Amino acid sequence: MTARRTIMIVGNGPMPKGAAAVIDAADLVIRFNDCRSCGAGGEKTDIVAVCNTGRPALSMLGGGVWKSHAAVRQAASIWCVRDGAKFQALRGKLNVTHPDLGDLCDDYTDGFFAFAQATGRGFHTVPALTHESVDAALERFDPGAYVVPSSGLIVIAEILAHWRQPGDRVVLAGFGHAGWEGHPFAAEREMVEDFIREGKLERLEPSIAKPSANPYILAER
Numbered sequence: 031m032t033a034r035r036t037i038m039i040v041g042n043g044p045m046p047k048g049a050a051a052v053i054d055a056a057d058l059v060i061r062f063n064d065c066r067s068c069g070a071g072g073e074k075t076d077i078v079a080v081c082n083t084g085r086p087a088l089s090m091l092g093g094g095v096w097k098s099h100a101a102v103r104q105a106a107s108i109w110c111v112r113d114g115a116k117f118q119a120l121r122g123k124l125n126v127t128h129p130d131l132g133d134l135c136d137d138y139t140d141g142f143f144a145f146a147q148a149t150g151r152g153f154h155t156v157p158a159l160t161h162e163s164v165d166a167a168l169e170r171f172d173p174g175a176y177v178v179p180s181s182g183l184i185v186i187a188e189i190l191a192h193w194r195q196p197g198d199r200v201v202l203a204g205f206g207h208a209g210w211e212g213h214p215f216a217a218e219r220e221m222v223e224d225f226i227r228e229g230k231l232e233r234l235e236p237s238i239a240k241p242s243a244n245p246y247i248l249a250e251r
């Protein structure tokens, strides 16, 4: 029988008190971009999921700050959350609707792949199908006009659809569902809460009642 795993998806939002020990005890820990979740959100890092297009990608690949980050050095794998061809297809539309985002679709996947190869890490690009399935699912929650789903939601969907094994627990920490106005965060929160009600996801409980309890996880209220 396959052992039950805890998969922790750690966003860069506020962390509940005591989160570090719980996150570091997980079997698989996924962090995002510059891994600002480290510290209050623990240190263990197995996968770093990156926004591989536009200015964030260029910033991470330029210089050595991101590449030398302790979490990135520790990670066994780099995930690119944006399919390059998918974003190239979006370029024409965004040039009309969001001309200020002219570089959003610039694809730096090759740079992250080269880094992963050179440093002996695994590499994965989340397929366009995952992005498209998230777009379709968000329609239930009246997202309004938005640019693209957040990297966090894309990774959640990818894990649930293709990586979670029977019996695995998928737990979120540091997800405040707030940030760049181009993401449909209100609808994303509703979608995540739907996953929680269905038993597919859990959230790290914001308050820890007993230090001896393990782990301190509750569904979203």
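FYI, the numbering for the sequence shown is 31 to 251, going by this note's numbering.
Just so it is clear, CB atoms sit at the ideal spot from N, CA and C, and this is done for glycine as well.
Computed from a predicted model, the values in this text were never measured in an experiment.
Given a threshold of 16 other Cβ atoms within 10 Å of its Cβ, counted over all protein chains shown, does residue i qualify as buried or as exposed?
| i | result |
| --- | --- |
| valine 95 | exposed |
| lysine 74 | buried |
| valine 126 | exposed |
| threonine 149 | exposed |
| alanine 144 | exposed |
| histidine 99 | buried |
| glutamate 260 | The displayed coordinates of the chain run from 31 to 251. Any statement about residue 260 would go beyond what the structure contains. |
| glutamate 218 | buried |
| alanine 51 | exposed |
| glutamate 235 | buried |
| glutamate 232 | buried |
Which residues in the same chain as residue i place their Cβ atom closer than 6 Å to its Cβ, once the five residues preceding and following it in sequence are excluded?
| i | result |
| --- | --- |
| serine 237 | Note that serine 237 scores a pLDDT of 48, beneath 50, so its modelled location is shaky and nothing firm can be said. |
| alanine 56 | Thr36, Met38 |
| lysine 230 | Leu190 |
| serine 107 | Ile77, Arg151, Gly152 |
| histidine 8 | Any question about residue 8 goes unanswered here, given that the chain covers just 31 to 251. |
| leucine 58 | Ile37, Asp76 |
| alanine 67 | Going by the sequence as given, residue 67 is serine instead of alanine. Only Val40, Asn42, Arg61, Gly204 meet the Cβ criterion. |
| alanine 146 | Ile108, Phe153 |
With the cut-off set at 8 Å, would you say residue i and residue j are in Cβ contact?
| i | j | result |
| --- | --- | --- |
| aspartate 113 | alanine 158 | yes |
| glycine 84 | methionine 45 | no |
| glycine 69 | phenylalanine 205 | no |
| threonine 155 | glutamate 188 | no |
| alanine 203 | alanine 49 | yes |
| alanine 79 | valine 185 | yes |
| histidine 128 | valine 177 | yes |
| aspartate 172 | arginine 34 | no |
| leucine 91 | glycine 132 | no |
Please return the same chain residues whose Cβ sits closer than 7 Å to the Cβ of residue i, not counting the five positions on each side in sequence.
| i | result |
| --- | --- |
| cysteine 81 | Asn63, Ala87, Val111, Arg112, Ser181 |
| leucine 120 | Cys135 |
| glycine 174 | Pro214 |
| valine 164 | Pro179, Leu183, Ile184, Ala187 |
| arginine 103 | none |
What did DSSP end up calling residue i once you bin it into helix, strand or coil?
| i | result |
| --- | --- |
| aspartate 165 | helix |
| alanine 56 | coil |
| serine 107 | strand |
| arginine 170 | helix |
| glycine 141 | helix |
Ordered along the chain, which non-local residues of its own chain (more than five positions away) have a Cβ less than 8 Å from that of residue i?
| i | result |
| --- | --- |
| glutamine 118 | Cys135, Asp137 |
| lysine 123 | none |
| valine 201 | Thr36, Ile37, Met38, Ile39, Ala56, Leu231, Glu232, Arg233, Leu234, Pro245, Ile247 |
Is residue i near the ligand ATP, in the sense that its beta carbon is under 7 Å from a heavy atom of that ligand?
| i | result |
| --- | --- |
| lysine 74 | The ligand content of the structure shown is nil, which means the ligand ATP is not present either. |
| request: Please list the segments of the beta strand (DSSP E) lying wholly inside the region 198-235, counting only runs of 3 or more residues, in order along the chain. | output: 199-203, 232-234
| Segments assigned alpha helix (DSSP H), at least 4 residues, entirely inside the region 75-130 | 84-91, 100-104, 114-127
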